[in-house]
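Visitor: Right, I'll just put the structure down here and ask away after.
Following this line, the structure appears as structure tokens:
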């Protein structure tokens, strides 16, 4: 029999209900034992400890990473170029190598191995800045974050690491923000929100990570208005599209056993983004620009607005269809 994937809260509640069900005569001891085995209720304590260890490891490797970077930075001026390069690459390769061995090869310490791989990715980001300093490479301040994001994304997909994906999406967003301002359209970056959905939304689906899905929604909810921004109307339009998309995705995911845990962040962030857009319109100057700006009367903006309406209508159709198939109660 194929087991359903259920969340930890349900299993904890079920474990607490089993004694009551037995005492009320609804199930016998054998049935209670079978349910416990089927849902792995005896392993709840071990799973909680495993998650706690992972958090401790991640905090630990973050502190170690900060310590290593601080130590190297303090003694940086007194180290020759070749030892500098050897040191930073040795630290990164040692961390990734040890982590991969402990996690993927021997399996002796999966959590520690995973944490070491995350540490290696943090060191990789620091190495980009240090290499630029060693060879006096000049460029935009945010360029290193794009390279860091690419490396973290490759590592995330290589080993299936959600923390690496989190590093990747955060660093990619920092790069994106550095490319242009809120109030000015940058047509060259229209692809970024789509890339975030494809790369990180796909990864969240693969690893069934509600946290990464929520982070993806937030990233798209901010980046889409920025790419559409030509005054208040563009920002408002982008926020409504992002909010509607997030809400519809959350409701649609509810009917999938694989990603049912995506519904809360999708719905919450979707409603939150739309509510924030409407809140901005409570300011008279912004509302006037959204409603009466000259650019809306231009032919190009009318076309953009019709595109926006078509997306909203499509989202409403999907929402109604999903609600018809899946009751919310």
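Residue numbers (the numbering used here): 1 to 329. Glycine included, each C-beta is placed from N, C-alpha and C at the ideal position.
1. Where are the alpha helix (DSSP H) runs, 4 residues long or more, that stay fully inside the region 221-262, in chain order?
2. Report the option in 63, 139, 84 and 29 whose CA atom is closest to the CA atom of residue 120.
3. CB residue 112 to CB residue 57, shorter than 7 Å?
4. Rounded C-beta distance between residue 96 and residue 117? I'm assuming under 8 Å.
5. Count the other CB atoms within 10 Å of the CB of residue 114; is the residue buried (16 or more) or exposed (fewer)?
6. Quick check on residue 97: does DSSP put it in helix, strand or coil?
7. Is it true that the CB of residue 238 sits closer than 7 Å to the CB of residue 228?
8. Hey, which unbroken runs of the alpha helix (DSSP H) at 4 residues or more fall wholly within the region 137-209?
9. Work out the CA separation of residue 30 and residue 20 for me, nearest whole Å.
10. Quick check on the DSSP output: the alpha helix (DSSP H) that includes residue 118 runs from which residue to which?
11. Following the continuous alpha helix (DSSP H) through residue 35, name the residue where it begins and the one where it ends.
12. Report the three-state DSSP secondary structure of residue 12 (helix, strand or coil).
13. Below 8 Å, how does it come out for the region 214-223 and the region 261-271: are there three or more Cβ pairs, yes or no?
14. In three-state terms, what does DSSP make of residue 42?
15. Cα separation between residue 165 and residue 44?
16. If you check the beta carbons only, do residue 189 and residue 179 fall under 7 Å apart?
17. Helix, strand or coil: how does DSSP classify residue 282 here?
18. Between residue 138 and residue 13, what straight-line distance do the alpha-carbon atoms span, to the nearest angstrom?
19. Please classify residue 261 as buried or exposed, where buried requires at least 16 neighbouring CB atoms within 10 angstroms.
20. Work out the CA separation of residue 163 and residue 156 for me, nearest whole Å.
21. Can you round the beta-carbon distance between residue 384 and residue 65 to whole angstroms, since I take them to be within the 8 Å contact cut?
22. Rounded to whole angstroms, what's the CA-CA distance from residue 283 to residue 275? Just pull it up for me.
Guide: So, to answer that:
1. 232-253
2. Mapped onto the chain shown, residue 120 falls at position 120. The closest CA to that of residue 120, considering only 63, 139, 84 and 29, is found on 63.
3. What you label residue 112 is simply residue 112 of the chain shown in a count that begins at 1. What you label residue 57 is simply residue 57 of the chain shown in a count that begins at 1. Going by C-beta atoms, residue 112 is nearer than 7 Å to residue 57.
4. Looking up residue 96 in the chain shown gives position 96. Looking up residue 117 in the chain shown gives position 117. The Cβ separation is near 6 Å, so the contact holds.
5. In the chain shown, residue 114 corresponds to position 114, counting from 1. Result: buried.
6. For the purposes of this step, residue 97 is identified with residue 97 of the chain shown, where counting begins at 1. Helix at residue 97.
7. As a working note, residue 228 is residue 228 in the chain shown. As a working note, residue 238 is residue 238 in the chain shown. Against a cut-off of 7 Å, the Cβ pair of residue 238 and residue 228 comes out as a contact.
8. 143-159, 162-177, 191-196 and 202-207
9. Along the chain shown, one-based indexing puts residue 20 at 20. Along the chain shown, one-based indexing puts residue 30 at 30. Roughly 15 Å separates the two Cα atoms.
10. Residue numbering aside, residue 118 sits at position 118 when the chain shown is read from its first letter. Segment 110-134, the alpha helix (DSSP H) holding residue 118.
11. On the chain shown, residue 35 is found 35 positions in, with the first residue counted as 1. Per DSSP, residue 35 belongs to the alpha helix (DSSP H) from 29-39.
12. Here residue 12 is taken as the residue at index 12 of the chain shown, counted from 1. The three-state secondary structure of residue 12, taken from DSSP, is helix.
13. yes
14. As a working note, residue 42 is residue 42 in the chain shown. It is helical.
15. Within the chain shown, residue 165 is the residue found at index 165, counting from 1. Within the chain shown, residue 44 is the residue found at index 44, counting from 1. Those two C-alpha atoms are separated by around 26 Å.
16. Here the question's residue 189 lines up with position 189 in the chain shown. Here the question's residue 179 lines up with position 179 in the chain shown. Yes, the Cβ-Cβ distance between residue 189 and residue 179 is below 7 Å.
17. Numbered from 1 along the chain shown, position 282 holds the residue referred to as residue 282. In the structure shown, the three-state DSSP call for residue 282 is coil.
18. Your numbering for residue 138 matches position 138 in the chain shown. Your numbering for residue 13 matches position 13 in the chain shown. For residue 138 and residue 13, the distance between alpha carbons rounds to 57 Å.
19. Residue 261 sits at position 261 when you count from the first residue of the chain shown. It is buried - the Cβ of residue 261 has at least 16 other Cβ atoms within 10 Å.
20. For the purposes of this step, residue 156 is taken as residue 156 along the chain shown, with counting starting at 1. For the purposes of this step, residue 163 is taken as residue 163 along the chain shown, with counting starting at 1. Straight-line Cα distance between these residues: approximately 8 Å.
21. Since the displayed the chain opens at 1 and closes at 329, residue 384 lies outside it and no answer follows.
22. Translated into positions along the chain shown, residue 283 becomes position 283. Translated into positions along the chain shown, residue 275 becomes position 275. Approximately 14 Å between the Cα atoms of the pair.
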